[in-house]
Each structure stands twice: as C-alpha cells, then as structure tokens.
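First the structure, in the form of structure tokens, and then the observations on it.
Number of protein chains: 2
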Amino acid sequence: MALIVQKFGGTSVANLDRIRNVALRVKAEVDQGHQAAVVVSAMAGTTNQLVEWAREIGPLHDAREYDTIVATGEQVTVGLLSIALQNIGIDARSWLGWQMPLKTDEIHGAARIMDIDTALMRERLASGQVAVVAGFQGLAPDGRITTLGRGGSDTSAVALAAALEADRCDIYTDVDGVYTTDPRICPKAHKLDSVTFEEMLEMASLGAKVLQTRSVAMAMRHNVNLQVRSSFSDAPGTFVVDEDSIVEQEKISGIAYSPDEAKITIQGLPDQPGIAAGVFGQLADQHVNVDMIVQSASTDAKKTDITFSLGRVDMEKAVGIIEKNKEKLGFSGIDSTQNVTKISVVGMAMRSQPGVAKTMFETLAEKGINLQVISTSEIKISVLISSEYTELAVRSLHTAFGLDED
Amino acid sequence: MALIVQKFGGTSVANLDRIRNVALRVKAEVDQGHQAAVVVSAMAGTTNQLVEWAREIGPLHDAREYDTIVATGEQVTVGLLSIALQNIGIDARSWLGWQMPLKTDEIHGAARIMDIDTALMRERLASGQVAVVAGFQGLAPDGRITTLGRGGSDTSAVALAAALEADRCDIYTDVDGVYTTDPRICPKAHKLDSVTFEEMLEMASLGAKVLQTRSVAMAMRHNVNLQVRSSFSDAPGTFVVDEDSIVEQEKISGIAYSPDEAKITIQGLPDQPGIAAGVFGQLADQHVNVDMIVQSASTDAKKTDITFSLGRVDMEKAVGIIEKNKEKLGFSGIDSTQNVTKISVVGMAMRSQPGVAKTMFETLAEKGINLQVISTSEIKISVLISSEYTELAVRSLHTAFGLDED
C-alpha cells in the first residue's frame, strides 16, 4: 500500500465528463489499495473568466480581493470531483486551502507555501477516504485567501506530496510525458522514461511547458518522486528522479527551445571596469531579468559592445531604461530585436562527455546557423539564433545527438 | 452617524455594470457619514448553474460538497464589489462566511445561524472600512462550508444587522417595496409606506415573494429596522416595523395569493375520535406540511370527509401515503386537484374591525366564487378557491377593502 498524490490540470477537469474520467483514475489507485490525495485545478477557462472580471471592474485591483475571486475556480472543481467519486462508491471529501490549512506568506497572487498542516488529512487518508484538494490556493497569516500564481497547482501537488511524505506524485496533463523535444516540430521526438530533477529544471525554465519550474525545484529539494503522465491514456509517463536513481547516461536528454526571447546590443561602451555593472545594475533595479550576456571588442579599440538576451515582454522596458542612462553610460548606439530563439541541449551526460559543445556548434555551423550568444552550465548549453532557423536547428540537433526514435 | 446593513440580491449584482451601480449606492451612505456592511448574493444565474452541475454529476450528492460548490457564487461577488468600491475611493474588504465566522449548525443546504463573531468587523467599520459580506453562507462546527438555503442572503443580512445592532437593514430588490397586492394582476395596487413584522410574515408565507419568511421572523425576534427598497430607483421603499411604531390602522394591508397550492379530499372516513390524528400523523412523519384543514359531514351519517390544502410539490407524495394506509384509515375514496389558489387578506386592522370576514365572503360570493376551505388567524383570513378566479378575486377584494390607488 502506498500514498499517492495525483494532480489534474484544467484541461483534465474541463467538463463534467472529464471530471468523471478523473474519478475513474483515482478509483484505479484506490482499488489497488493505495491512499490517494488528489490536487485539482479550475475547469479550463474558468480562471481566465474570473481574472477578466477582476481586471474589468478595477484595473488596479486589490490583490487580496483578486485572490478571493479566482480561488473559487478550484473550489467548484473539488466539490464536483468529490461528488463524482462518491457516486462510484469512493469515500471522498474536498479540502480548500484554508481548511487544511495550507499556510502561505502574504504575497497575494504569487504566494509562497510556508507550511501544510496534514494531521487531520492523514487520519482521513488512513481511514480510506480520498482527499480532494484545491490547488493554487492557500491561507495568508491574516486569514485571507492567497493564490500561488498561474500554474500553481503543480506546486500545490508537490508541496502536499512532500508534507504527506507521499510515495509518488503523479502530474496528469494533456501530454503523456516529457519528450526529447517538441513533437510538433520534430516528429522523431520520443518520450523519456526518466529525467533527473536537474534536467527537468533546466528544461522547464528553457521553454518546455510540461511542469512549472517552481514545482520541479520544490520536488528536487524534498526529493519527491514525480511522474508526468497523460490524463487521456494509460501509457506510463516520465519519471522525474534523483540523479542517483539513474545509471550513467550516455545520451543527452533533450533539446529545448524558447521563442519568447529578445536580444539587445549596446554599442561603443567605454571599455573600462564597472561598465557591465552599470548597465545590469540599472536593469535589475527595475526588475528586468537578463539571461545570457556576451561582451565583445568594438571596432574602436577603446570601446566594447555588450549583447544580452531577455524575455520578449521586457524588451521595450529595458531599451527605455538604457536610453534614459545614455549620458551616464556613454555608449554610441543601441540595437534590439525579437527575431531570436534560444536553443538548448540539456543532459547530465554532458558532465562525462566533453564533446557535447563541439557536436552542437558543428551541427549548427553545417546548416549555416550563426550563433549570436552562447551560455553554458554544467548540464546545458544554450545558444541564441535567428528565429527562422528554429525548427531546422532543433531537428538537426535531435539527430546529431542520437535522439531520433527508431 | 448610523450603522447600516444593505443587502443586494442576484439581479442587483447580475453583471459588472450593476455591481458598479451597487458600489454607488453604498458610497451614498458612506458619503453621509454612515458605516456600511453590505451583504450580497451571487450574480443572477450563477447559483442555478452551480446547482445544475452538482445535480448532474451526482443526483444524490453530498450536501457538504454541494455547499462548497454553490458558496462560490457569493465569493466572486464580494470580491468584485470590494474592488468596485475601492475603485471609487471607498475602503472596503470582503468577508466570507468562514472568515467572520458566521457560525451555523451542521444542516448543510438549509443551515441555521447560531452566532456571528463581529468583533474584528466592528473595528474595521469603526475605522471607516466598508464590510462586503457573502450572503447565504456560513461555517459548520466541523469547519465545512454551509449554506442557508435559497434566498438565504436575506436571512444573512438580518442576522448581521442584529449582531451588529445596526440602525437599519435595507433589503434592495427589483421591486420598490411591499405592495397591497401583486401589481401584475391588479394595476391599482400601491406601495405601502410601512407594514408590521406580523403582516409581513403573513404576506411572505402567503406568497408575496419580496422577503424570505425566515428573515422576517428573525427581524421580528431581534427587532431589526427593516426596509425593502429598489436597487434601480431612489424612491423610498417600505419599512417593516414593530407594531408599536404604527398608529392604529384603519385599512387592511394587503391581498396575497399563492398559486402553488393543491387540495386533497378523503371521503367516507369513519366519524370517530382520532381519525384526523391518524391521517395527519402519517403525513407529518413523512415531512408533508399540511396547511388548511376542514372536516365535514359525509352523506352517510356515520362517515365524515376531510379536505385539506398543501404545497403543490407534495400532492402526489401525500396521495401515495394516504392510499398506502387505506385499510387502516378505512375511507371510501380520495380526490386531489392542483386547480386551486389560496387568497388571503392580511392586516393588523382586522383585530379591531370584526367585519373583515363578512366583507371578504360577501365580495367573493357576489362574483360567484365558491370558497372551498377557509382558515383564519388573528391578522389574516385565507380561502381556497378555484384557480381560474384568482385575478378576479384579488381585484375585487382590493377594491372592496378600499386599497385601490386614487
């Protein structure tokens, strides 16, 4: 007998039929003698409608009231799923964030989980009752409802699995696992049986949409046994595991790409100590996150150019900040573009195989793809390329690293 | 400076524009220096949708989960109204049933209010903050959400007014007050400036849909100063007041009618003591509420007939119960019809004017309307008539009692 946390996203509970389907998946675990805690999101579309109302009635709305409104989506789903479970003979009850309680800090709209009181829930689970838990929501110290930010139900599920010391945390979604790359642009992509937390973390933050970065980091910290699998098929999914659980890997795990990038180049900066700190200090103060940075010699020997990538949404803001400081920074020109994509090769294997960077750069060079910025970490290499080469680059790298399905 | 409880029903908060309109009505009180606690229902239609989902997913649903689901309607409205108020410069915060808490018993779906903790809310009201309170919902002793039954927001408002010792409780609705009778069938009906709690109680339970019976009873018990008024006009409404606040009334207050009636006649019962107890005991055991009863001599001298009225929804159930006990009760036949309407004349004036019954019976007799069952109390006389005479009876009595508007 095991204790299993199951998490179902908005598309998995989008209507009553799908909620009944979820109930059957929960029953399958119960029938095997397992204890089950089920975390659910709001029915797909509901949260968007609630957010839209809140925005329309007051653009600068009180985040506490916003949270009160949007938390109702999950409240409806837990009630409906509990009834659906009871209807097929499974004892079940719903748990709202404030009922456990799942305690958070007071940062409404993007709250962090501080503690989950699971004493009563454990008792009920032990008695055979299924816990149906509202994802995405918690209770602030002052007794108001908080929400964890979009996609927060993944984080709720992992935090609950950690608090309950669950044997497994299954994240049900509309894909059947983690793929070597996006199957929509690379038909030879295949599902991975397992990836390490570190790899998943890189892939999540590099554009793979399967899991929220935050939930992976939390699972890694608490060593939660995570599985990503499909709500709509019985195929086994992808296990996200501790590095020690995986035998030495020979291949890299996947190719990620992120189209939501932009690139800014500042030309002709004085080549002197402290100039990079000047540029990036200003941006950090205004909450602009910069990703990859490269500094290169300018045509004028006493000058230097700095190129960096950042999220597409922040580009205009960043350009504005830099131009406002033109006199102080002393640069000659600024150039920006959204026509860039970040392509990343991710894998623990990289640590034991020094040739990965060489293979990546050669493969892209053969196709005539210019690398605008390069950045590496222990288990990933990312490059910024012109957007029109995205599909070509992903497919070529997928083949070059031996990931094509037989 | 006064403390005012305002209650807005579902049609008053049916969309964002109407919620903004409600915010302006609240602001009007705040601008006059008053403290305001605002009780709101769910947006019109929302509760029906939620109830429908709960029914569809499980016809025999768990009432605790049902309450969890349907309570979300009010949760959305309090958030939206709080934001709308803040947007026009009014400090406001939402209060859910469990946040005050408004404590109820554990009868889910039809909970009774036990106690409201208003300590923190009083502090906030005193500091000038408007309290936006979710109607219809409370907290059971075991920490689950309860609801008070349909129309329960009226009761929430009156209970809150009592707990806060409010100076006034204004029930905003889609009519501008309590009328002498239904203006849709009697164009000469006019709005009453005031009615007593007792009259309002009779009118509410006799079919006038303005206020929930339960909320009137609670207002009477706690002597809450109640006003029924329109959300859509500035006209003064109808005050529901203590008997002592009204000078001796000369006229009766109104004509009520209830079309949701049925009539059952049991023929040829043995005319012996205990036979009525036998019939009505069985019905009471099965939770069938009987209203008016008349017992009359049968054609056979040793036999008797019993005729009674009851709610239309219970008719089939009642006939079934009686027929199942046919042998034990020893009657010869049973007759039932839904083609009946209850017409009532209500007014404190009745106590000082003995001629009311005579006027009523003569008026109806002149129009050729047969009285099938009669029932009286200190301040009302009700008769059961054939449904096709409903409008004629109401209009004739309205004229006969001098209620027609000039």
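Here the protein sequences line up with chains A and B, keeping their order.
Per my numbering, the very first residue in the first sequence carries number -8; after that it's consecutive.
Per my numbering, the very first residue in the second sequence carries number -8; after that it's consecutive.
Idealized CB from N, CA, C, for every residue including glycine.
Please read these numbers as outputs of a predicted model, since none were measured by experiment.
How many Å lie between residue i and residue j at the Cα?
i                 : j                : result
Phe223 (chain B)  : Leu41 (chain B)  : 27 Å
Thr68 (chain A)   : Asn39 (chain A)  : 15 Å
Met112 (chain B)  : Arg135 (chain B) : 21 Å
Gly338 (chain A)  : Ala28 (chain A)  : 32 Å
Leu(-6) (chain A) : His25 (chain A)  : 6 Å
Ser368 (chain A)  : Met283 (chain A) : 11 Å
Ala122 (chain A)  : Thr109 (chain A) : 11 Å
Leu301 (chain A)  : His181 (chain A) : 30 Å
Asn330 (chain A)  : Tyr380 (chain A) : 10 Å
Ala268 (chain B)  : Gly321 (chain B) : 14 Å
Arg55 (chain B)   : Ala384 (chain B) : 44 Å
Ser387 (chain B)  : Val374 (chain B) : 14 Å
Gln203 (chain B)  : Asn214 (chain B) : 16 Å
Val231 (chain B)  : Ser185 (chain B) : 6 Å
Leu328 (chain B)  : Ala253 (chain B) : At residue 328 (chain B) the sequence reads Thr, which differs from the Leu that was named. So the alpha carbons of these two residues sit roughly 6 Å apart.
Gly36 (chain B)   : Lys179 (chain B) : 32 Å
Gly245 (chain B)  : Val124 (chain B) : 33 Å
Asp106 (chain B)  : Thr354 (chain B) : 48 Å
Thr172 (chain B)  : Ser378 (chain B) : 17 Å
Glu241 (chain B)  : Ser343 (chain B) : 9 Å
Ile257 (chain B)  : Asp291 (chain B) : 14 Å
Cys177 (chain A)  : Leu183 (chain A) : 15 Å
Asp395 (chain B)  : Ala75 (chain A)  : 55 Å
Quick check on residue i: buried or exposed, where buried means 16 or more other Cβ atoms within 10 Å of its Cβ?
i                 : result
Thr390 (chain B)  : exposed
Leu51 (chain B)   : exposed
Asn216 (chain B)  : buried
Thr187 (chain B)  : buried
Gly324 (chain A)  : exposed
Arg46 (chain B)   : exposed
Glu357 (chain A)  : exposed
Lys293 (chain A)  : exposed
Lys319 (chain A)  : exposed
Arg205 (chain A)  : buried
Ala195 (chain A)  : buried
His99 (chain A)   : buried
Met(-8) (chain A) : exposed
Gly265 (chain A)  : exposed
Ala275 (chain A)  : exposed
Ser32 (chain B)   : buried
Gly64 (chain A)   : buried
Ser118 (chain B)  : exposed
Gly311 (chain A)  : exposed
With distances taken Cα to Cα, identify the nearest neighbour of residue i among the options.
i                : options                                : result
Leu155 (chain A) : A:Leu183, A:Arg303, A:Leu116, A:Asp165 : A:Leu116
Asp251 (chain B) : B:Gly119, B:Ile136, B:Ile334           : B:Ile334
Gly393 (chain A) : A:Ile243, A:Leu93, A:Pro264            : A:Ile243
Val281 (chain B) : B:Val304, B:Tyr170, B:Ile107           : B:Val304
Pro132 (chain B) : B:Thr172, B:Trp89, B:Asp262            : B:Trp89
Ser236 (chain A) : A:Met211, A:Ile257, A:Thr256           : A:Met211
Ile81 (chain B)  : B:Leu139, B:Arg16, B:Ala101, B:Asp145  : B:Arg16
Ile87 (chain A)  : A:Gln66, A:Glu193, A:Leu139            : According to the sequence shown, residue 87 (chain A) is Leu rather than Ile. Out of A:Gln66, A:Glu193, A:Leu139, A:Gln66 has the C-alpha closest to the C-alpha of Leu87 (chain A).
Asp225 (chain A) : A:Val13, A:Ala5, A:Ser185              : A:Val13
Ser85 (chain A)  : A:Leu72, A:Asp145, A:Ala208, A:Gln218  : A:Leu72
Met306 (chain A) : A:Ala288, A:Gln277, A:Gly70, A:Ala19   : A:Gln277
Ser147 (chain A) : A:Ser378, A:Arg342, A:Ala101, A:Glu114 : A:Ala101
Just confirm the distance between the C-beta atoms of residue i and residue j, as a whole number of angstroms; I'd bet it's less than 8 Å.
i                : j                : result
Val364 (chain B) : Met351 (chain B) : Their Cβ separation, rounded to whole angstroms, is 14 Å, which puts Val364 (chain B) and Met351 (chain B) out of contact at 8 Å.
Leu93 (chain A)  : Gly142 (chain A) : Their Cβ separation, rounded to whole angstroms, is 16 Å, which puts Leu93 (chain A) and Gly142 (chain A) out of contact at 8 Å.
Ile104 (chain A) : Ala152 (chain A) : 12 Å between Cβ atoms; not a contact.
Thr2 (chain B)   : Asp233 (chain B) : No, Thr2 (chain B) and Asp233 (chain B) are not in contact; Cβ-Cβ is about 29 Å, not under 8 Å.
Asp326 (chain B) : Thr295 (chain B) : No, Asp326 (chain B) and Thr295 (chain B) are not in contact; Cβ-Cβ is about 14 Å, not under 8 Å.
Ile376 (chain B) : Thr332 (chain B) : 6 Å
Met34 (chain A)  : Val4 (chain A)   : 6 Å
Chain A contacts made by the stretch 20 to 45 of chain B, where a contact means CB separation under 9 Å = Of all residues in the stretch 20 to 45 of chain B, only Leu41, Trp44, Ala45 come within less than 9 Å of chain A when Cβ atoms are compared, listed by chain position.
Check distances from the C-beta atoms of the stretch 70 to 87 of chain A to those of chain B and list, in chain order, the residues that come in under 8 Å.
-> Of all residues in the stretch 70 to 87 of chain A, the ones placed with a Cβ closer than 8 Å to any Cβ belonging to chain B are Gly70, Leu71, Ser73, Ile74, Ala75, Gln77, Asn78, Arg84, Ser85, Leu87, in chain order.
Can you list, in chain order, the residues of the stretch 96 to 125 of chain A whose Cβ is nearer than 8 Å to any Cβ on chain B?
-> Residues of the stretch 96 to 125 of chain A with a C-beta less than 8 Å from any C-beta of chain B: none at all.
Positions along the stretch 179 to 204 of chain A whose CB lies within less than 9 Å of some CB in chain B | Those residues of the stretch 179 to 204 of chain A that come within reach of chain B (Cβ to Cβ, closer than 9 Å) do not exist; the list is empty.
Given a limit of 7 Å on CB to CB distance, which residues of the stretch 138 to 168 of chain B reach chain A?
-> Residues passing the 7 Å Cβ filter: none.
What are the residues of the stretch 52 to 66 of chain B that lie near chain A, defined by any Cβ-Cβ distance shorter than 9 Å?
-> Within the stretch 52 to 66 of chain B, the qualifying residues are His52, Asp53, Arg55, Glu56, Tyr57, Asp58, Thr59, Ile60, Val61, Ala62, Thr63, Gly64, Gln66.
Selection of the stretch -4 to 16 of chain A by Cβ proximity to chain B, strictly under 8 Å = Cβ contacts with chain B: Leu7, Ile10, Arg11.
With 7 Å as the C-beta to C-beta threshold (strictly closer), list the residues of the stretch 233 to 252 of chain B near chain A in chain order.
-> Answer set for the stretch 233 to 252 of chain B: empty.
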